[in-house]
Amino acid sequence: AAPSGRRLVGTAALALLALLALPVPAGSSPSASRFAASAASSLVALALAASSAAPAAGEEGSASAADAPQGWSADAGDAFKSPAGLAEARAMGWAPDDPVEVYYTEFLLAQWVLDKSPWNAYHSAIAFTNNRTDEKVVFDFSPEDVSSVMNMVVPGVASESPLQAVMGDYRLVWKNKAMTQFYNRWPSKYSNFVRLGHLNGTVFDRFVDWVETSYAPSFSEFQPLEVAVEGSGNVVRSRMCHDFVTDALWALYNDSVKLEAKEAIFRDHVILYASSFDVVDLQASSTRDHRRQLRFFRVLELYMEEIKEQFTHARAALLAGFKLGIPVFLHNEHQEFRVHLVPPFLNYCYLPLAIPPKVHNPFAAMKLCALGLQANLTNSTGPIPWGPMLAIEERLDRLEVPLALLLVALAATWGSAGGGGRGGTPSEKRPSASVTGR
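Position in the sequence shown (from 1) plus 5 gives the number in the working numbering.
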C-alpha cells in the first residue's frame, strides 16, 4: 500500500506546482485567502491520493506464481481452444442411437486453512461416456492465465502517471480471459464423477452444437463474483466453471434430458450482498465514474497482501470501503455494475448445485460458509493515511465542490474590492463626534 519514493516525489511536485499556480491577489481579504488555502488542500489531497493509486500493469501488486491453483494446469494436448477445437467433439462420430450418460465431474483446485479447518475450492466440468464405444469426453470452462487468481478479480492500471489515473485518464488491463475446452478423454486429474442422466448420440450432437455456436462465442472472460439481493436472489451471475456446468445442464434439460443426483452436489459461490445495483456505461459516462471505479480498486490494493494470504480478508476491504463511502464496481464481459453493498458484504459459501429445473438461491438455508452470516461493523477503520485520503477524495470529487469554491472565490474577491471602494481605509474615515456631559 505504501507508494514508492519516486511516485511520492512526483505527485508532491505536482501538488506544489498546483499551489504556486493559484492566484491570490495582493491585499486579498481573509475570505479569499481561506479559499486559496481550501483549494490548495484539495489539490494536495488529490496529489497524495495519486500516490496510492493501484499499480500500473506489470508493476508491483501482481500476485506471485505461488498463488496459482496447481490443479488448473492442463495436460499438453488435452485442451482445444474454442470454437474451432470443439469441432473435434463433433468429429467423434457417435451414432444417433448410441446410449450416452452425462456426469458432473470435479477435482480439487486449491485448499486453505480457516480457523484450523481445511477449506477446499473445486474445478467442475460436464462429462459424457458412450456406452457402446466406451469413449469418454469432458467439456469445461477455464481461465487462460492461471498464474494468479487475483488477476481475475483486480486489473492492472495503465496510465502515463498516477495523477492522470486518479483524474480518470487510465486503461484497465484485465487478465481474466477464459476458454471453453474439450477433452477427448476423462483427464486423470478429475477425481469425482456423479451420474446425472441418460441421453443418446443425437442429443449429444445438439449439445456440442450449443457449446460451439452459443456458449463459447458468448463467454470468454472468467468472473468469480456473483451479486445477491434479499428477496430477488441471484441478480448478477458469476462466470466460472460451475456456471458453465449449470448452463450445460439447462441446455440438456431443455432438450428433454431428465437430470437428477442421488445426493446433493455442492459447489462454491463467492457472493456479494447488495441492496441494489446499477448498470454503468463507462464508455459513455463522465470521467468521474472512471475515477470512482479506480478508487474502489485502490481500496482493494490497500488490503491486497492480506487477501493473497487469506481470501476472506476481502470482506475487511469491502467493509472499509463501505465505511469510507467508496462505491463498489463489478466488471464482467458484457457489462459494468455499480453495486450498493449491505452487510455482510461478502462470503464464500458451498451451496447445493441447482440441477434443473431447480434454480440457485444464494439465501437458501442449506449452505456452509467460510465467514459468519453477520459482519461486525464496529472497531473497523481504513488504513491510515490512505483510507481517509480516499474518503476525502471521494467527497471532493463532485460538481458541487468546484462550483462552491468558485462562488466563495467570487464573493471573497467582490467583498474585498467593494469594501475598499465604499469606505476607504480606516485612517481616512472621519472620527465620530463625541458627546460629553457638559
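For glycine and all other residues, C-beta sits at the position ideal for the given N, C-alpha and C.
Where residue i falls: helix, strand or coil (DSSP)
| i | result |
| --- | --- |
| L351 | strand |
| R242 | coil |
| W215 | helix |
| Q372 | It is worth fixing the name first, because residue 372 is Lys in this sequence and not Gln. DSSP places K372 in coil when its eight states are reduced to three. |
| V208 | helix |
| H339 | coil |
| V449 | With the chain covering 6 to 443 only, the question about residue 449 has no answer from this structure. |
| P407 | helix |
| F334 | strand |
| L356 | strand |
| L382 | coil |
| L264 | coil |
| S34 | The pLDDT assigned to S34 is 42, lower than 50, so where the model puts this residue is not dependable; a value taken from the coordinates is nonetheless given after this. Three-state DSSP puts S34 in coil, outside helix and strand. |
| L48 | A caution first: L48 carries a pLDDT of 39, below 50, which makes its placement in the model unreliable, though a value can still be read off. It is helical. |
| A18 | Reliability fails at A18, whose pLDDT of 35 lies under 50, so the model's placement of it is uncertain and no value is given. |
| A81 | At A81, the pLDDT of 41 sits below 50, so the modelled position is not reliable and the matter cannot be decided from this model. |
Beta-bridge pairing of residue i - partner residues as DSSP gives them
| i | result |
| --- | --- |
| K363 | Answer by DSSP bridge pairing: none, since K363 is not bridged. |
| R200 | Y108 |
| L119 | S122 |
| L113 | Y127 |
| V344 | F282, V333 |
Segment limits, beta strand (DSSP E) that includes residue i
| i | result |
| --- | --- |
| I131 | 122-135 |
| H274 | 271-285 |
| L230 | 230-234 |
| P148 | 141-148 |
The alpha helix (DSSP H) enclosing residue i, as first and last residue numbers
| i | result |
| --- | --- |
| E93 | 92-95 |
| W391 | 391-401 |
| F327 | 319-329 |
| K313 | 309-314 |
Residue j beta carbon less than 8 Å from that of residue i
| i | j | result |
| --- | --- | --- |
| N197 | T317 | no |
| F249 | P357 | no |
| A279 | L346 | yes |
| F342 | V284 | yes |
| A319 | S385 | no |
| L299 | L323 | no |
| L257 | V107 | yes |
| G330 | V262 | no |
| P388 | L307 | yes |
| A130 | G206 | no |
| V232 | F282 | yes |
| F144 | M245 | no |
| D273 | Y195 | no |
| N125 | D103 | no |
| E149 | F224 | no |
| Y175 | V162 | yes |
| D139 | V208 | no |
| I360 | L254 | yes |
| A380 | P349 | yes |
| G173 | T292 | yes |
| L91 | F187 | yes |
| N366 | G238 | yes |
| T185 | V216 | yes |
| K313 | M97 | no |
| R95 | D210 | yes |
| L230 | S243 | yes |
| A132 | W179 | no |
| A269 | V199 | no |
| L287 | H295 | yes |
Short CB-CB distance (under 8 Å) between residue i and chain D
| i | result |
| --- | --- |
| D248 | This model lacks chain D altogether, as it is built from one protein chain only. |
Please specify which runs of the alpha helix (DSSP H), each continuous and at least 4 residues long, are wholly inside the stretch 160-190, giving them in chain order. 167-171
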